[in-house]
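Peer 1: This is the structure I have questions about; it appears just below.
Chains as they are written, first to last, in the numbering used here: chain L, 11 to 127; chain S, 53 to 168.
Quick look at the structure:
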């Protein structure tokens with residue numbers, strides 16, 4: 011079974027400071043990893059993904075994430091936070107071995123990011 | 053290029069009534085997924101469908117819930133005899149076929165069900 015843990019319910023950061031939102035995962039095989047962002051009363055927007063290749067993945071809005079296989083982590087980062095980054099962030103995982111027939115993603119509970127002006 | 057369209061955005065039902073939620077995937081997408089988000093929780097997978105086929109319904113409650121994706125028209129998530137515990141946001145997502153975009157889901161704005 012696959013699972014995702016986001017250990018922080020909330021992260022507060024001052025505008026202009028770097029931010030990190032943590033994510034660890036558990037799968038049997040190779041992971042496909044994703045970050046999504048959700049603004050209030052909206053759907054989820056895709057930010058970035060790791061499938062294979064370079065461990066550092068760059069995504070939308072200046073976000074990046076680093077895949078660390080030994081620590082089973084995929085933390086989301088941004089060098090300089092903006093107030094408009096304040097939202098709910100979800101990490102998700104899927105096993106490579108799920109096969110082409112199923113794209114079921116398992117989501118973490120989400121981390122609320124607040125960027126303080 | 054329209055995204056994933058869900059309606060209604062908000063739905064209020066009394067206990068015992070039926071709720072029908074509709075989802076039209078993005079153009080060119082043949083895979084539809086339904087997820088449920090309860091307050092203060094993440095998204096929980098419910099069901100994965102392709103046209104006229106249910107591929108994976110392992111997240112669906114055994115009773116009162118059903119889903120379909122007919123050859124023509126939107127996918128429908130149907131909840132019969134709703135109870136207060138069904139109050140949640142229901143999200144539909146779609147994806148194109150193909151390995152390189154595997155798992156990159158495109159989400160609708162959600163349908164928020166309130167059961168009185």
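Positions of the beta carbon are idealized from the N, C-alpha and C atoms, including for glycine.
Going by DSSP, what residue range makes up the beta strand (DSSP E) through residue 30 (chain L)?
Peer 2: Counting along the chain, the beta strand (DSSP E) containing residue 30 (chain L) begins and ends at 29-31.
Peer 1: Decide if residue 151 (chain S) is buried, meaning its Cβ has at least 16 other Cβ atoms within 10 Å, or exposed.
Peer 2: Confidence at residue 151 (chain S) is low in this model, with a pLDDT of 47, below 50, so its placement is unreliable and no value can be given for it.
Peer 1: Between the region 52-74 of chain L and chain S, which residues of the former have a C-beta closer than 9 Å to a C-beta of the latter?
Peer 2: Of all residues in the region 52-74 of chain L, 52, 53, 54, 55, 56, 59, 61 have a Cβ within less than 9 Å of some Cβ in chain S.
Peer 1: Examine chain S for any beta-carbon lying closer than 8 Å to the beta-carbon of residue 3 (chain L), and answer yes or no.
Peer 2: The shown model of chain L, from 11 to 127, leaves out residue 3 (chain L), and the question about it has no answer.
Peer 1: Please confirm whether residue 39 (chain L) has its beta-carbon closer than 8 Å to some beta-carbon of chain S.
Peer 2: No - not a single Cβ of chain S is within 8 Å of the one on residue 39 (chain L).
Peer 1: Could you check whether the Cβ of residue 79 (chain L) sits closer than 8 Å to any Cβ belonging to chain S?
Peer 2: Taking Cβ atoms only, chain S never reaches closer than 8 Å to residue 79 (chain L), which makes this a no.
Peer 1: Return the residues of the region 103-120 of chain S that lie within a Cβ-Cβ distance of less than 7 Å from chain L, sorted by chain order.
Peer 2: Those would be 107, 108, in chain order.
Peer 1: Going by beta-carbon coordinates alone, are residue 102 (chain L) and residue 27 (chain L) separated by less than 8 Å?
Peer 2: Going by C-beta atoms, residue 102 (chain L) is not nearer than 8 Å to residue 27 (chain L).
Peer 1: Would residue 162 (chain S) be called buried (16 or more neighbouring beta carbons within 10 Å of its own) or exposed?
Peer 2: It is buried - the Cβ of residue 162 (chain S) has at least 16 other Cβ atoms within 10 Å.
Peer 1: How would you list, in chain order, the residues of chain L whose beta-carbon sits under 7 Å from the beta-carbon of residue 93 (chain S)?
Peer 2: Under the 7 Å cutoff, chain L gives 119.
Peer 1: Helix, strand or coil for residue 108 (chain S) per DSSP?
Peer 2: Strand at residue 108 (chain S).
Peer 1: Less than 8 Å between CB atoms is the rule here; does residue 15 (chain L) satisfy it with respect to chain S?
Peer 2: No, residue 15 (chain L) lies away from the interface with chain S (no Cβ there is under 8 Å from its Cβ).
Peer 1: Taking 8 Å as the CB-CB limit, is residue 80 (chain S) close to chain L?
Peer 2: No - not a single Cβ of chain L is within 8 Å of the one on residue 80 (chain S).
Peer 1: For residue 82 (chain S), report the span of its beta strand (DSSP E) as first-last.
Peer 2: From DSSP, residue 82 (chain S) is part of no beta strand (DSSP E); its letter is neither H nor E.
Peer 1: So, at 8 Å on beta carbons, what are the nonlocal neighbours of residue 95 (chain L) in its own chain, with the 5 sequence-adjacent residues on each side left out?
Peer 2: These residues qualify, in order along the chain: 29, 71, 88, 123, 125.
Peer 1: Would you tell me roughly how many angstroms separate the C-alpha atoms of residue 50 (chain S) and residue 87 (chain S), rounded to the nearest one?
Peer 2: This structure gives no information on residue 50 (chain S), because the portion of chain S shown stretches from 53 to 168.
Peer 1: Candidates S:99, S:116, S:82: which alpha carbon is nearest residue 138 (chain S)'s?
Peer 2: Answer by Cα proximity: S:116.
Peer 1: Assuming residue 121 (chain L) contacts residue 19 (chain L) under a Cβ cut-off of 8 Å, what Cβ separation, rounded to an integer in Å, is found between them?
Peer 2: Going by Cβ atoms, the distance from residue 121 (chain L) to residue 19 (chain L) rounds to 7 Å, so yes, they are a contact pair.
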